[in-house]
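In full-length UniProt numbering, the protein residues as written are 1 to 762. Glycine included, C-beta positions come from ideal geometry on N, C-alpha and C. Since the structure comes first, as structure tokens, the remarks are kept for the end.
As structure tokens, this is what we get:
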């Protein structure tokens, strides 16, 4: 099966399993008792009904209306698929709902309307509008999309936006403002070429005009060529942008142009056209999946170019996810009656300004950059930037208030920003950041148990996603058979059977190196050669000798049996006296690091302090600032038992020798995780008022049990155990780890290798 066929199957399985679709409705109130149910439904539900009957605005108080958006389509212009009908468009609409939720914590019902009749479509939306706080129109073909949005905005009293039009317009306008600043050009004077005349192109051009672009300086082209005033049968939208210039082709339009904006088809701009543009040209080639001119070709052709595309693998991605979730968030939070031009312009300015601010280390880490700075390769924020939620919605909300369309004012803006940041605690952002960072500099990863199907599936994903280059260890015939079962067809993937005759030279070489380091510890040459037939010893030596960059093992064997060869062969990093392990739990309150989950049974106080230090460095590796609670059954000296005293002594050591760390204890878990309780009872604590993201447990029993309890009871994703303190990037999986867990650990191993490589270069 081809790679395309495999990708197709993976996409279908993703949407079908473990249950169809990508979104679901989850109760937000208690429902365990008869009393709960009597309040949720009859008779208690009558009370909010009566209050809403008195005043419809009470629907925002007693129902989900204020945080509920409808994503509505008739399936007439779906992605690059065209008119595929309402049913076929549903996966896209569910996907849009997922993005609303994970980026702005907005709930969505997707609604697919089976009509191409404009009047019937509008009537349907108007009839269901009381359910929602906002309407996001999606994938409706032009010119009908213009009329539908225009009429619904006029006839409804809730925000309505056709994202296909305005999303791209808002993001590209922010990019254009910054690009013009860098190019030292004025928007009122630049000559702009727009390739494409669909909904997005029209909306982009209108917004550029709202920021000062002059109509006489704009040339728009459709599939028939330049839109001129002397052309017949122009639509109302095209008439607005018809030029009086006597030109017919894109090639003519591009001469001395300052800006090219492409929303059309791939590869229509040639290097010659690019060379004909003015000095310091701005090129936004946003056709997907392939731009109007290849990014590398454009950069090679003009050294003075500022370029953006719609792709994530190039700088300056014009991605609608930078806009629509945050625009609706701001609109909903002030109960706006519409999304007007002032609100859209406010979003543009907020995005443009954010790109000029210092970039958080978390974002630099995610994109594998030393330091992202405002410049030609960074003119708009990155989608993973955590500041978007606190920057764009307030700007939109304030514009709604200032322009008179808000029905609820925000008084305390600082509190509002804090609430926005809290909304994002439930997102598995850290996993995306981790994988994205790994992909910036992939490494060779040894999968020591590749003759197990799930391990092989994980290796396949790692390869396909560009996270790393897998090296498969195990019985060759088994691996090849399993690869056939999952259509893992890649001749470049290295398969190694440590016991085979082909590997005899490697075994002897590795054995000799191992024996040289262990011959004074009772290891004979014969012992060493025998051990090298074992996959974990062989894999560890591959990493030691530079034949691989990282290692994953432990899927099929007990943790201690895998740890032993790693400690013997790889050993601890310089200055480290104790290795440890941490697990990252993607909880509803945000990422939570728990240590030590796998290695140290009952560490003494000083070792406990060392574990806290290593965990702090690991937290920083993920782009977060560690806030550490040292856990006990006691609080701040409430028990004199040696087990509590151990934790207290560890904290004293950290306070004395590492005052820069935000760490305190001993603390019970509930106080550590509940800021109000901690502030109220222990205001003197270094953690008072802070959100704890790291828990250091006093022993293996409690740490291991806690992370597994959280994982199983709350269906929480876990990344780990992450080995800390090792000389090389070796990581040991939990017995029977899932495919997803192994993929995440592969990303950890790659990032670990990246960091160790950086240290060697210093």
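- C-alpha of residue 124 to C-alpha of residue 311: approximately 35 Å in a straight line.
- With respect to the 9 Å criterion, residue 627 and residue 669 are not classified as neighbours on the basis of their beta carbons.
- Within a 10 Å sphere around the beta-carbon of residue 652 sit fewer than 16 other beta-carbons, which makes this residue exposed.
- Under the criterion of beta carbons closer than 8 Å, residue 267 and residue 290 qualify as touching, at roughly 7 Å.
- Annotation: the continuous beta strand (DSSP E) that includes residue 694 extends over 694-696.
- Annotated as proximal: residue 148 and residue 162, with beta-carbon spacing under 9 Å.
- In this structure, the CA atom of residue 678 is about 8 Å from the CA atom of residue 689.
- Residue state for residue 517 is assigned as helix, using DSSP reduced to three classes.
- Non-local C-beta neighbours of residue 251 in its own chain, meaning closer than 6 Å and more than five positions away in sequence, comprise 273, ordered along the chain.
- A direct Cα-to-Cα measurement between residue 709 and residue 620 gives close to 25 Å.
- A residue is called buried once 16 or more other Cβ atoms fall within 10 Å of its Cβ, and residue 552 is buried on that count.
- Taking 9 Å as the cut-off, the beta carbon of residue 352 is found no closer than this to the beta carbon of residue 284.
- Closest in alpha carbon position to residue 440, among 755, 485, 573 and 211, is 755.
- Residue pairing from DSSP places residue 595 in a beta bridge opposite 582 and 696.
- Beta-bridge partners of residue 553 (DSSP): 732.
- Annotated three-state conformation of residue 689 is coil, per DSSP.
- If you check the CB distance, residue 128 and residue 59 do not come in under 9 Å.
- A Cβ-Cβ distance of about 7 Å is found for the pair residue 384 and residue 432, placing them in contact under the 8 Å criterion.
- If you compare the alpha carbons of 569, 450, 438 and 454 with that of residue 472, the shortest gap goes to 450.
- When DSSP states are grouped into helix, strand and coil, residue 658 belongs to the coil group.
- Taking the Cβ atoms as the reference, residue 723 lies roughly 6 Å from residue 579, within the contact range of under 8 Å.
- Between residue 630 and residue 605, the alpha-carbon positions lie close to 11 Å from each other.
- Comparing alpha-carbon positions, the option among 139, 115 and 105 lying closest to residue 89 turns out to be 139.
- Pairing residue 562 with residue 732 gives a Cβ-Cβ distance under 9 Å.
- Of the candidates 306, 662 and 288, 288 places its Cα closest to the Cα of residue 320.
- Per DSSP, residue 195 lies in no alpha helix (DSSP H) segment; the continuous beta strand (DSSP E) that holds it begins and ends at 192-195.
- Bounds of the beta strand (DSSP E) holding residue 473 are 468-473.
- Excluding residues up to 5 positions away in sequence, 58, 61 and 62 lie with their Cβ nearer than 8 Å to the Cβ of residue 51 in the same chain.
- Between residue 346 and the set 469, 358, 660 and 328, the nearest pair of CA atoms involves 328.
- When DSSP assignments are scanned along the UniProt domain "Malic enzyme N-terminal" (20-153), the uninterrupted stretches of alpha helix (DSSP H) that are 4 or more residues long and fall wholly within it turn out to be 34-40, 46-54, 59-62, 86-104 and 118-128.
- Residue 464 carries a helical assignment under DSSP once its states are collapsed to helix, strand and coil.
- Shortest Cα-Cα distance from residue 567 to any of 39, 730, 72 and 23 involves 730.
- By the neighbour-count criterion, in which 16 or more other beta carbons inside 10 Å mark a residue as buried, residue 122 falls on the buried side.
- Approximately 17 Å separates the beta-carbon atoms of residue 204 and residue 242; this is outside 8 Å, ruling out the contact.
- Between residue 47 and residue 86, the beta carbon gap of about 38 Å keeps them out of contact (Cβ cut-off 8 Å).
- Residue 14 counts as exposed, since fewer than 16 other beta carbons sit within 10 angstroms of its beta carbon.
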